[in-house]
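S.K.:
Residue numbers (this note's numbering): 4 to 912.
#1: Going by the beta-carbon positions, is the gap between residue 37 and residue 456 smaller than 8 Å?
#2: I'd like to confirm the pairing. Which residues does DSSP put opposite residue 595 in its beta bridges?
#3: Need the endpoints of the alpha helix (DSSP H) that residue 727 sits in, please.
#4: With burial defined as no fewer than 16 other Cβ atoms inside 10 Å of the residue's Cβ, what is the status of residue 30: buried or exposed?
#5: Around the Cβ of residue 376, are there at least 16 other Cβ atoms within 10 angstroms (buried) or fewer (exposed)?
#6: Once the 5 residues before and after residue 838 are set aside, which same chain residues still bring their CB inside 6 Å of it?
#7: Across the stretch 600-609 and the stretch 508-522, are there enough close Cβ pairs to call them in contact, namely three or more that are closer than 8 Å?
#8: Given a cut-off of 8 Å, decide if residue 820 and residue 799 are closer than it, judged by their beta-carbon atoms.
#9: Drop a sphere of 10 angstroms on the beta-carbon of residue 622, count the other beta-carbons inside from all chains shown, and report buried for 16 or more, exposed for fewer.
#10: What's the C-alpha gap between residue 627 and residue 633?
#11: Which one of 555, 722, 154 and 464 has the shortest CA to CA distance from residue 75?
#12: Using alpha carbons as the reference points, say which of 458, 874, 59 and 290 lies closest to residue 273.
#13: Just mark residue 823 as buried or exposed, buried being the case when its beta carbon has 16 or more other beta carbons within 10 Å.
#14: So what's residue 911 in DSSP terms, helix, strand or just coil?
#15: What is the DSSP secondary structure of residue 610, reduced to helix, strand or coil?
#16: Going by C-alpha to C-alpha distance, which of 47, 889 and 312 sits closest to residue 730?
#17: In angstroms with no decimal places, state the Cα-to-Cα distance between residue 897 and residue 705.
#18: Tell me, to the nearest whole angstrom, how far the beta carbon of residue 384 is from that of residue 445; I am working on the premise that it is less than 8 Å.
#19: Over the uninterrupted alpha helix (DSSP H) stretch that includes residue 862, give me the two end residues.
#20: Pair every Cβ in the stretch 542-561 with every Cβ in the stretch 491-498, then say whether three or more of these pairs are closer than 8 Å.
#21: In whole angstroms, give me the CA-to-CA distance for residue 416 and residue 369.
#22: Measuring only the C-alpha atoms, how far is residue 143 from residue 125?
#23: Starting from residue 547, trace the beta strand (DSSP E) both ways and give me its first and last residue.
#24: Note down, in chain order, each residue of its chain lying with its Cβ closer than 8 Å to the Cβ of residue 159, except the 5 sequence neighbours on either side.
#25: So which of 313, 33, 308 and 420 has the shortest CA-CA distance to residue 49?
#26: Would the beta-carbon of residue 266 fall within 8 Å of that of residue 229?
#27: Taking only the alpha-carbon atoms, compute the straight-line gap between residue 816 and residue 849 and give it to the nearest angstrom.
#28: Looking only at its own chain, which residues have a Cβ that is under 8 Å from the Cβ of residue 151, when we skip the five neighbours before and after it?
#29: Specify whether the stretch 478-487 and the stretch 63-71 touch according to this definition: at least 3 beta carbon pairs, one from each stretch, less than 8 Å apart.
#30: So what's residue 845 in DSSP terms, helix, strand or just coil?
#31: Apply the 10 Å Cβ neighbour rule to residue 341 and answer buried if 16 or more other Cβ atoms are within range, or exposed otherwise.
#32: Roughly how many whole angstroms lie between the Cα atoms of residue 536 and residue 664?
#33: Using only the alpha-carbon positions, how far apart do residue 345 and residue 39 sit?
#34: If you measure between the beta carbons of residue 243 and residue 219, is that distance less than 8 Å?
#35: Quick one: complete beta strand (DSSP E) runs, 3+ long, within the stretch 642-679?
Set out below in structure tokens:
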């Protein structure tokens with residue numbers, strides 16, 4: 004009976020099978036739980052690392068803001084201290100008023116300051132905020148005063164937080180010594196910064212409901228904290244610092260990130276610590292675990308539900324196994340049920356993977372995708388049916404080598420955790436990815452592929468970049484802040500050392516900006532500052548740096564300057580752009596700026612020194628009446644001031660008739676007769692006397708005033724020529740110079756026509772002298788103007804011929820009548836064979852083109868003899884006569900007429 008005999012042997016086998024099945028289910032169950040716990044742990048670590056990065060960036064930003072505020076206040080202290088030291092030698096009401104005005108100016112420009120005061124060597128307050136209303140106050144007992152009294156050269160000293168005797172506010176006092184010329188202590192300048200300023204700087208930072216900011220001293224005593232554990236008066240001086248923080252500070256480190264529980268409110272935080280540059284203070288910014296783990300707790304809650312569901316199914320599965328073990332007759336059915344339950348387990352596993360917020364996928368050794376969950380579909384854009392069994396084309400160009408190295412490492416058996424890479428989606432969009440890679444092995448232990456768990460960290464990266472931007476940019480204008488400016492200035496100095504060039508530092512302060520801000524509100528003031536920043540950007544090169552220092556102050560760095568001549572045009576351009584009206588939120592506003600300039604290495608070899616000197620120069624510009632600029636260097640300042648002086652004086656000179664014309668005779672060499680004169684403008688200044696055109700003509704051209712000045716010259720020259728003719732003088736050619744600016748900005752043809760019509764002067768006797776540069780720029784426009792001038796009947800000559808871009812084609816095209824050979828060729832004509840060859844060639848060429856030639860600057864008989872030999876037509880110069888006033892020219896012509904009647908050639912000694 005085979006059937007009965009088979010039963011005893013089948014039961015042990017069945018039991019062994021059931022035991023193995025139960026063991027497999029338990030192992031699978033434990034493995035899945037372990038995987039979930041591992042994934043949650045990795046996710047928590049990722050959130051903690053993100054919190055560490057965030058706190059470090061926020062601490063860097065906060066430290067930068069506090070240090071920048073302290074530096075700005077320190078600059079104000081240095082300026083006031085310098086002025087106090089300078090005026091101490093001549094005390095009096097004027098000196099006292101000057102210091103009070105300077106303090107008021109600094110307080111208006113620096114909202115960080117709650118007060119600014121000056122104390123004498125005995126500690127009595129003499130000038131500044133609240134001093135007069137509070138009566139005589141003495142600060143000789145303050146810690147900063149005692150320190151500076153003992154060591155006047157200590158620089159900036161920051162006192163312990165105290166409650167102000169005048170304002171009653173809790174403040175930090177910053178102070179610098181006032182030193183006499185021999186270095187002796189003469190008092191202090193003290194500025195008060197309210198502790199609430201640091202809280203105001205912290206509030207905009209996103210640190211969550213339980214985040215904190217703390218500023219403490221080297222004795223681990225609180226200076227200020229947000230949130231406050233009580234009243235401010237109860238906070239200042241309280242003990243602070245966990246053991247982890249104290250150990251970091253004592254080790255000498257200036258920055259670090261750590262995790263600890265606060266001794267103030269017993270909240271566990273990830274915190275970043277930094278020492279505030281240039282001070283004895285430290286700051287800590289912390290993110291509480293309950294804030295940065297909010298999203299992680301949501302993930303953990305979902306995972307816990309999945310695990311509980313999985314355990315419930317496991318219990319059901321164990322129940323079925325138990326029943327199967329007890330019932331031999333239902334063995335086959337129980338076995339089938341076990342397999343169905345195992346399938347359910349696998350389906351549950353797949354459900355958990357499919358429900359995971361992380362992209363989970365597997366790839367074989369060839370790189371082909373073998374599994375792909377919905378989160379991966381959402382992350383990359385490919386659906387499972389599109390990508391399974393195919394390679395994943397997510398590597399952007401240029402990243403192939405990095406990706407191959409990662410794949411080789413994981414296929415070699417290495418686990419790679421939280422590696423940040425850049426990938427692309429199906430549509431080509433680039434994004435940042437954090438991925439964990441683990442090898443997959445078969446039953447023999449051989450690696451058959453790898454598992455990838457990935458998360459999109461683009462938003463986190465963008466937040467980090469935003470924090471990085473805030474750390475180096477002014478939030479309002481987007482301009483570089485002081486930290487970035489210092490970096491670029493350092494690079495500019497290093498380049499200047501290598502190339503022996505110069506660097507200019509411009510300190511720009513808006514005039515009367517506070518009035519606009521107070522009357523129209525901060526919104527209008529901020530919009531105006533943004534527009535000013537934009538206009539400043541139009542005035543400089545791409546390699547230059549503009550930085551807003553806070554309030555209405557800007558710094559501009561001009562690197563790679565060969566000399567100082569490139570600076571005034573930039574300053575004038577800034578002045579012109581800022582003087583143009585602004586339309587801001589329906590208001591038409593006007594402003595101006597006072598600018599101070601310091602040069603590297605002439606005025607200093609470090610930033611702080613140059614900044615102080617530029618600030619001093621700016622202050623002098625304000626003293627001069629605002630809307631001015633000043634160089635710290637006296638010689639350059641003289642030149643720059645003269646440029647501005649000439650420009651402002653030109654308008655007055657035109658209105659008050661301070662210009663006059665002098666006339667230099669022109670001679671025909673063949674006959675020796677005076678055939679014409681050249682009209683030369685002079686400026687008879689009421690204070691400076693006669694000013695040469697070499698000084699004021701370039702300024703007039705830069706400012707555009709050459710147009711109305713040139714119109715006056717033409718009108719006056721024609722009037723004088725008619726007056727001479729009426730007085731009995733022979734008809735003379737009147738030569739008048741035209742500027743290129745007159746062609747670009749003026750209406751030359753109409754100006755000439757009006758002058759001829761108003762005076763009745765014969766147009767054939769009017770000769771307009773043009774430079775070669777006029778003819779080769781904007782040729783068609785100039786050609787049209789020249790044709791209209793020729794239609795009027797006037798003559799055209801080329802002035803300073805040979806010094807420009809000479810071209811024979813435009814001589815004919817523009818119907819030129821005469822060439823004036825530049826005096827640089829005439830001056831050494833008798834001694835320089837090269838000059839002689841050039842002049843001979845010009846005369847011969849002009850003769851072949853039926854053009855007359857005139858030599859300028861003839862100063863001796865030898866030169867005159869050669870010009871006759873070369874057959875030059877006309878000449879003028881000191882050898883014949885100097886430029887003279889109208890009446891002197893009339894007398895000269897009378898003398899010439901008498902000499903001619905005596906058969907002598909005029910001007911031919």
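Even for Gly, the Cβ is constructed at its ideal location relative to N, Cα and C. If you're wondering where the values come from, they're calculated on a predicted model, not measured in any experiment.
M.R.: Once the coordinates are examined:
#1: no
#2: 514
#3: 709-729
#4: exposed
#5: buried
#6: 828, 831 and 832
#7: yes
#8: yes
#9: buried
#10: 9 Å
#11: 555
#12: 290
#13: buried
#14: Any reading at residue 911 must be qualified, since the residue scores a pLDDT of 47, below 50, and its modelled position is unreliable; the value itself is stated next. DSSP places residue 911 in coil when its eight states are reduced to three.
#15: helix
#16: 889
#17: 40 Å
#18: Residue 384 to residue 445, Cβ: 31 Å. No contact.
#19: Segment: none, residue 862 is in no alpha helix (DSSP H) and carries neither H nor E.
#20: yes
#21: 15 Å
#22: 7 Å
#23: Run containing residue 547: none; DSSP gives neither H nor E here.
#24: 73, 77, 80, 177, 178, 179 and 281
#25: 420
#26: no
#27: 14 Å
#28: 157, 160, 178, 179, 180, 188 and 191
#29: yes
#30: helix
#31: For residue 341, the predicted structure reports a pLDDT of 46, less than 50, and the residue's modelled location is therefore unreliable. A value from the coordinates is still provided. Looking at its Cβ environment, which holds 16 or more other Cβ atoms inside 10 Å, residue 341 is buried.
#32: 45 Å
#33: Bear in mind that the predicted position of residue 345 carries a pLDDT of just 48, short of 50, making it unreliable; the figure below should be weighed with that in mind. Cα to Cα, residue 345 sits roughly 19 Å from residue 39.
#34: yes
#35: 662-671
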